[in-house]
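Written out below as structure tokens is the structure these notes cover.
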Amino acid sequence: MIHLRFKMILGFVEQDGGKVNPHSLEMLTLARRLAGETAVPLHAVVIGAAVEGLGAYGVTAVHLAQHPDLTDYAPAAWAECIVQLIAAERPTAVLAAGTERGNEVLAYVGAKLGAAMAANVTSVTPGENYRITRLRWGGSLLEEAWLKGEPKLLTVAPLSIAPEVVGDGMAKVRPFTPILTDDDVRVRVYGEPEAASGREQPESGKVTLADARVVVSGGRGVGSAEGFAVLEELADLLGGAVGGSRVATNLGWRPHTAQVGQTGTRVAPDLYIACGISGAIQHWVGCKGAKHILAINTDPDAPMMTKADYAVIGDLHEILPALITEIKMKMGRG
Ligand SMILES: Cc1cc2nc3c(=O)[nH]c(=O)nc-3n(C[C@H](O)[C@H](O)[C@H](O)COP(=O)(O)OP(=O)(O)OC[C@H]3O[C@@H](n4cnc5c(N)ncnc54)[C@H](O)[C@@H]3O)c2cc1C
197 MIHLRFKMIL GFVEQDGGKV NPHSLEMLTL ARRLAGETAV PLHAVVIGAA
247 VEGLGAYGVT AVHLAQHPDL TDYAPAAWAE CIVQLIAAER PTAVLAAGTE
297 RGNEVLAYVG AKLGAAMAAN VTSVTPGENY RITRLRWGGS LLEEAWLKGE
347 PKLLTVAPLS IAPEVVGDGM AKVRPFTPIL TDDDVRVRVY GEPEAASGRE
397 QPESGKVTLA DARVVVSGGR GVGSAEGFAV LEELADLLGG AVGGSRVATN
447 LGWRPHTAQV GQTGTRVAPD LYIACGISGA IQHWVGCKGA KHILAINTDP
497 DAPMMTKADY AVIGDLHEIL PALITEIKMK MGRG
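Numbering-wise, the sequence shown is residues 197 to 530 according to my numbering.
This is the structure:
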């Protein structure tokens, strides 16, 4: 008798230009624990370009989808690859990182299979049905739920699990060619990344928001696009990146890629400096993972001021230049 249940756990590993999204490594850590608890191997699916090093995270086989239409992100096509792999390999569960892409692709998979998909999961207890805990309301509520069906589809809340290297094993690469239709590639990134025609490229030589150890973020209190110059200067001095609230990005003072929050990027730097940001819950969920928060605000009762580790009450356009002068003196650049 052939047992198809508990055959393997499949982790969808996001890559961009051959670089693995770090949140996928967090996802693989939860997936590996789940595979261990259910005594099955952990496989990964990668779409488009090959990636290396997944064996170190406990992956024993990498299913690599290759097709001329898979040169860049195409959510329905990526989901179709996973659906075809599920039909062939019958995993018990498919996990993805709870990133925009991970959630989008797995939601497509759920829609195609008519299966439930749970987003932003932080823990799983396996069984016939999975008992899961997941983040709701931008992380302000933890929900306990049951996830039913086969395969179980879930995404892992970014930054909820530290990625763990468990060895130096090599994962076997198993290429496959999915069958894709024009419908599958209706939504996709056009243009060559090198030509920057299809994408906004980060400024060269600057750290990205997600990687930065220091983030200097500005909100409505900054007052204008030009007002961000002083934030740029401070971020440059500290080797950090500049972020913004939704007000700052909606007003066109900063690009949308700089938005921190529920509908932007979630950051976890060593230091988050919030300048002229009130600290609405939708912003807070994007920066609360920072080790230390310094808030600069004219209003001592602003939520950001009451929650921050350090607070300076005053006009950011007076405080930031003073801070920059002080740091430059300490660095011997004064
Ligand atoms: C579904 C949904 C999703 C959302 N997603 C996000 C998100 O991802 N990210 C996000 O940021 N917001 C998000 N928002 C918007 C959020 O609710 C707030 O409206 C927004 O964060 C407020 O931005 P702000 O703090 O810059 O502006 P405000 O709330 O207007 O605060 C400005 C602050 O600046 C201070 N200030 C003014 N002048 C100065 C000065 N000279 N010096 C120092 N301080 C000064 C004021 O005291 C005030 O505290 C979302 C909202 C919804 C409904």
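Ideal placement from N, C-alpha and C gives every residue a C-beta, glycine not left out. Source: prediction; values computed, not measured.
(1) Closer than 5 angstroms between the C-beta and any heavy atom of ligand 1: which residues qualify, listed along the chain?
(2) Thinking just about the alpha-carbon of each residue, which of A315, G439, L350 is nearest to the one in I205?
(3) Rounded to the nearest angstrom, how far is the Cβ of L226 from that of V242, given a contact under 8 angstroms?
(4) With a CB to CB cut of under 6 angstroms and the five nearest residues on each side skipped, what residues in its chain are close to A392?
(5) Taking the alpha carbon of T318 as the reference point, which residue from E296, S356, N325 has its own alpha carbon closest?
(6) Using DSSP with H/G/I as helix, E/B as strand and the rest coil, what is F208?
(7) Answer with buried or exposed for P287, where buried requires no fewer than 16 other C-beta atoms within 10 angstroms of its C-beta.
(8) Can you check which of these residues, Y468, E339, I492, is closest to R409 by C-alpha distance?
(9) So, using beta-carbon positions, are L291 and V352 closer together than 8 angstroms?
(10) Could you tell me which of A491, T461, I375, R330 sits nearest to E276, measuring between CA atoms?
(11) Is it buried or exposed for W333, if we count other Cβ within 10 angstroms and need 16 for buried?
(12) For the beta strand (DSSP E) that contains K402, what are its first and last residues?
(13) Using C-beta distances below 8 angstroms, list every residue in its chain close to P359, excluding the 5 sequence neighbours before and after it, in chain order.
(14) Can you name the start and end residues of the alpha helix (DSSP H) that P517 belongs to?
(15) Between the region 409-420 and the region 296-303, do at least 3 Cβ pairs fall closer than 8 angstroms?
(16) How would you label V541, buried or exposed, when you count the other beta carbons within 10 angstroms and need 16 or more for buried?
(17) How is G423 classed by DSSP in three states: helix, strand or coil?
(18) Touch check for the region 477-486 and the region 334-342: three-plus C-beta pairs under 8 angstroms?
(19) Using CA coordinates, which residue listed in P371, V385, A518, L238 is at the minimum distance from L427?
(20) Roughly how many angstroms lie between the CA atoms of E340 and G323, to the nearest whole one?
(21) What are the start and end residues of each continuous beta strand (DSSP E) run of 3 or more residues lying completely inside the region 251-315, in chain order?
(22) Going by Cα to Cα distance, which pick from D265, D268, R228, L266 is closest to L250?
(23) Please list, in chain order, all residues of the same chain as V369 whose beta carbon is under 6 angstroms from its beta carbon, the five residues on each side excluded.
(24) Quick one, are the C-beta atoms of T445 and Q458 less than 8 angstroms apart?
(25) Let me make sure I understand the geometry here. Which of R330, S474, R462 has the alpha-carbon closest to that of A507?
(26) Taking the continuous beta strand (DSSP E) assigned at H488, which residues delimit it?
(27) Among T453, D495, P451, L447, which residue has its Cα nearest to the Cα of A470?
(28) Exposed or buried, which one is E210 when buried takes at least 16 other CB atoms within 10 Å?
(29) What does the Cβ neighbour count give for W342, buried or exposed, with the cut at 16 atoms within 10 Å?
(30) Indicate the three-state DSSP secondary structure (helix, strand or coil) for Q455 in the structure shown.
If we stick to the structure as given:
(1) After applying the 5 angstroms Cβ criterion, the set is G415, R416, G417, S441, R442, V443, G457, Q458, T459, G460, G472, I473, S474, A476, Q478, H479, N493, T494, D495, A498, D511, L512.
(2) One-based indexing of the sequence shown puts residue 205 at position 9. Checking every option, the nearest Cα to that of I205 belongs to L350.
(3) Here residue 226 corresponds to residue number 30 of the sequence shown, with the count starting at 1. Here residue 242 corresponds to residue number 46 of the sequence shown, with the count starting at 1. L226 to V242, Cβ: 18 angstroms. No contact.
(4) To locate residue 392, count along the sequence shown from 1; it is residue 196. Note on A392: pLDDT 49, under 50, position unreliable in the model; the coordinate value appears next. Around A392: no qualifying Cβ.
(5) Here residue 318 corresponds to residue number 122 of the sequence shown, with the count starting at 1. When each option's Cα is compared against that of T318, the closest is S356.
(6) In the sequence shown, counting from the first residue as 1, residue 208 sits at position 12. DSSP, reduced to helix, strand and coil, places F208 within a strand of the structure shown.
(7) Translated into the one-based positions of the sequence shown, residue 287 becomes position 91. Its Cβ being crowded by 16 or more others within 10 Å, P287 is buried.
(8) Taking the sequence shown and counting its residues from 1, the one referred to as residue 409 is at position 213. The shortest C-alpha separation from R409 is found at Y468.
(9) Position 95 of the sequence shown holds residue 291. Position 156 of the sequence shown holds residue 352. Yes, Cβ-Cβ distance for L291 and V352 is below 8 angstroms.
(10) Counting from one through the sequence shown, the residue named residue 276 turns up at place 80. It is I375.
(11) Against the sequence shown, residue 333 aligns to sequence position 137. Answer is exposed; the Cβ neighbour count stays below 16.
(12) Along the sequence shown, read from residue 1 onward, the residue named residue 402 stands at position 206. Careful: K402 lies outside any beta strand (DSSP E) and carries neither H nor E.
(13) Against the sequence shown, residue 359 aligns to sequence position 163. For P359, where only same-chain residues beyond five positions count, the Cβ hits under 8 angstroms are P218, L221, E222, L224, T225, Y253.
(14) Within the sequence shown, the letter at position 321 stands for residue 517. Looking at the DSSP string, the run of the alpha helix (DSSP H) that includes P517 is 512-526.
(15) Judged by Cβ distances under 8 angstroms, the region 409-420 makes no contact with the region 296-303, as fewer than three pairs qualify.
(16) Since the first and last residues shown for the chain are 197 and 530, residue 541 lies out of range.
(17) Taking the first residue of the sequence shown as 1, we reach residue 423 at position 227. Note: G423 maps to helix in three-state DSSP.
(18) By the Cβ criterion, the region 477-486 is in contact with the region 334-342, since at least three pairs of Cβ atoms, one from each stretch, lie closer than 8 angstroms.
(19) The residue labelled residue 427 in the question sits at position 231 within the sequence shown. Comparing Cα-Cα distances from L427 to each of P371, V385, A518, L238, the minimum goes to A518.
(20) In the sequence shown, residue 340 corresponds to position 144, counting from 1. In the sequence shown, residue 323 corresponds to position 127, counting from 1. Cα to Cα, E340 sits roughly 15 angstroms from G323.
(21) The region 251-315 contains these whole beta strand (DSSP E) runs: 255-261, 289-293.
(22) Residue numbering aside, residue 250 sits at position 54 when the sequence shown is read from its first letter. Ranked by Cα distance from L250, the options D265, D268, R228, L266 are led by R228.
(23) Working through the sequence shown from its first residue, we reach residue 369 at position 173. So the qualifying residues of the chain are V258, L260.
(24) As a first step, residue 445 must be located in the sequence shown, where it is residue number 249. As a first step, residue 458 must be located in the sequence shown, where it is residue number 262. No, the Cβ-Cβ distance between T445 and Q458 is not below 8 angstroms.
(25) Looking up residue 507 in the sequence shown gives position 311. Residue nearest to A507 within the set R330, S474, R462 is S474 (criterion: CA-CA distance).
(26) As a first step, residue 488 must be located in the sequence shown, where it is residue number 292. Start and end: 488-493.
(27) For the purposes of this step, residue 470 is taken as the residue at position 274 of the sequence shown. Here the closest residue by C-alpha is D495.
(28) Mapped onto the sequence shown, residue 210 falls at position 14. Result: buried.
(29) Here residue 342 refers to the residue found at position 146 when the sequence shown is read from its first residue. Classification for W342: exposed.
(30) As a first step, residue 455 must be located in the sequence shown, where it is residue number 259. In this structure, Q455 counts as strand in the three-state DSSP scheme.
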